[in-house]
Amino acid sequence: MRSSIFIPKTINVGYQNRSGTYTGKLAYVIYYDEKGKLRKEASWNGWRDENIPNNEYDNIPTEGFVLNKKAGDYSTGWDHRHAYCRVYDPRGFEFEITIENLLYILENANCIKGKGLEGEFVYGWDGKDLVLMPVESPDYKEISEFNKIIHNNECVKAKDLIIGATYLTKDNENWIYMGKFDVYDRYENWKNKGKHFWFWKGSYFEHYRSMPKNKFIKCIDDKCNEKYADIFDKLEGESEYSPYDSSKDEYKYFTLDEFKKGDYWERIRFISEYYSGNKYVFETYKRDDNLYIIYKIQMEYMHYGPYEERVKVTDIFPTTSKMVKSNRYPYNDKEEKHMIPVTIEQIFETMKPMYIQKHLANGREYKRSTKSNE
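Numbers 802 to 1175, taken from the working numbering, label the letters of the sequence shown in order.
See below:
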């Protein structure tokens, strides 16, 4: 169960008349958020019968819930309704929960025939989905502590940020503040987008030009994280932090193992100086017999722009020839040359394949390229 589930203090219940329920009414339950705003109100008003008065209840631990029956899991033409489980609330209405929620309840509470679910429950929301939460579940304590912070309406401001400190987000995630640094956009020719607030969120970086409102709700550790230096080392390898610098490009030779690894898609692209030291781009094509032929990649230009053309190479490795006859005129018969397929090792030894190692402005390696015109 996600620990970012929101548990409101007040719920609002609207109704429709519905057969197959204990009370003849099916409920649509919505809630007030931490700022007192009624969430999902538009869809709630569109669904409920306004002739049936709605009710508001304090969302306190309550016992006496009873499982009724499955609902949904049918198709009406193009529209498929997922399966749900109807649950009776002891305050006199029924509502629906997802099957995932039902399984979680059964893992953490007993269901007694004729009596219903044992223990107390509260309403929660996981994004847009209503969740009935057993108070005795192992996740409830952590979720409750998180919600106490949410309901206190705490908010971390930019002026209070501490480099290396750990902050709790509204999604109950721990992020480390890295500092405020320039951001570069590779889609706009490495344009400097100004200074942003950088955070590490456990597996990748996020950055913001201005602090998002209510995103960070608490500083949970104001000491510099012990992994800050290692994380900053990762940051220095990000192209948004340090832009690509073409003046630092280097041509490097593939090792044989590296060259073979490029064979995953049966095509290997590389740069070679085979033709009198001039750099050209080539591409291999792997046949069913695990031998290869080579194409030279050259740019052609049409009215709609440049495109790559693959030209078979017939002047590096041995070839075979055959006459291709014209359908109408014998004098148009021509001889065609075809490269005799070779092994990947033969290509490696003969053509000494290379790639371009790109670098960031700070000297860190960026990525490899096999396009000599980049």
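Even for Gly, the Cβ is constructed at its ideal location relative to N, Cα and C. In this text the structure is predicted, and so the values were computed from the model without any measurement.
Could you pull the start and end residues of the alpha helix (DSSP H) that residue i belongs to?
| i | result |
| --- | --- |
| D1014 | The question names Asp, yet the displayed sequence has Lys at residue 1014. Unbroken run through K1014: none, as it is neither H nor E. |
| D1034 | 1029-1036 |
| K1061 | 1057-1062 |
| E842 | 842-848 |
Whose C-beta lies closer than 7 Å to the C-beta of residue i among residues of the same chain, with five residues either side of it excluded?
| i | result |
| --- | --- |
| K823 | Note that residue 823 corresponds to Tyr in the displayed sequence, not to Lys. Around Y823: N869, Y889, E895. |
| M1140 | I1094, I1095, K1113, V1114, T1115, F1118, T1120 |
| A910 | L918, E919, G920, P935, E937 |
| Y1167 | S1040, Y1045, K1159, H1160, L1161 |
| H881 | For H881, the predicted model reports a pLDDT of 42, less than 50, meaning its position is unreliable; a value from the coordinates is still stated below. Closer than 7 Å at Cβ, skipping near neighbours: no residue. |
By Cβ distance below 6 Å, which residues in the same chain neighbour residue i in space, the five residues on each side in sequence not counted?
| i | result |
| --- | --- |
| K1135 | V1125 |
| I977 | T967, W1001, N1026 |
| V867 | Y889, G917 |
| G865 | P891 |
| R1070 | E1084, T1171 |
| G815 | Y829, W845, R849, N855 |
| S1048 | none |
| E1074 | K1080 |
| K958 | none |
How far does the beta strand (DSSP E) with residue i in it reach, from first residue to last?
| i | result |
| --- | --- |
| Y1093 | 1093-1103 |
| E955 | Where E955 is concerned, there is no enclosing beta strand (DSSP E), given that its DSSP letter is neither H nor E. |
| I1072 | 1070-1073 |
| D859 | 856-859 |
| Y1052 | 1051-1054 |
| F866 | Where F866 is concerned, there is no enclosing beta strand (DSSP E), given that its DSSP letter is neither H nor E. |
| R887 | 885-890 |
Based on the DSSP output, what are the partners of residue i in its beta bridges?
| i | result |
| --- | --- |
| M979 | None, per the DSSP bridge assignment. |
| P1107 | Y1102 |
| I831 | N813 |
| D940 | Partner(s): none; D940 has no beta bridge. |
| S1122 | K1138 |
| C1020 | Y968 |
| V1082 | I1072, I1098 |
| Y823 | According to DSSP, Y823 bridges with nothing at all. |
| E897 | R887 |
| L962 | Note: L962 sits in no beta bridge, so no partner. |
| V1114 | Beta-bridge pairing links V1114 to no other residue. |
Am I right that residue i and residue j are in contact with their C-beta atoms under 8 Å? What's the rounded C-beta distance?
| i | j | result |
| --- | --- | --- |
| N975 | I1021 | 7 Å |
Closer than 9 Å, CB to CB, is residue i near chain C or not?
| i | result |
| --- | --- |
| G1038 | No chain C is part of this structure, which consists of one protein chain only. |
Residues in the same chain with beta-carbon distance under 8 Å from residue i, minus the five sequence neighbours each way, listed in chain order, please.
| i | result |
| --- | --- |
| D834 | F807, P809, R840 |
| M1178 | There is simply no residue 1178 to check, as the chain begins at 802 and stops at 1175 in what is shown. |
| L1092 | P1142, V1143, T1144 |
| I1072 | Y1052, K1080, Y1081, V1082, F1083, P1154, M1155, Y1156, I1157, T1171, S1173 |
| R1088 | I1094, P1142 |
So is the beta-carbon of residue i under 8 Å away from any non-hydrogen atom of the ligand PLP?
| i | result |
| --- | --- |
| I1148 | By its list of ligands, the structure shown contains no ligand whatsoever, and the ligand PLP lies outside what it can speak to. |
Uninterrupted alpha helix (DSSP H) stretches inside the region 900-935 (no shorter than 4 residues): You should have 900-909.
Starting from the N-terminal side, write out each stretch of the beta strand (DSSP E) that is 3 residues or longer and does not extend beyond the region 978-1007. 992-1001
Length-filtered (3 minimum) beta strand (DSSP E) runs lying within the region 1144-1173: If we require 3 residues or more, the beta strand (DSSP E) runs fully inside the region 1144-1173 come out as 1155-1160, 1166-1170.
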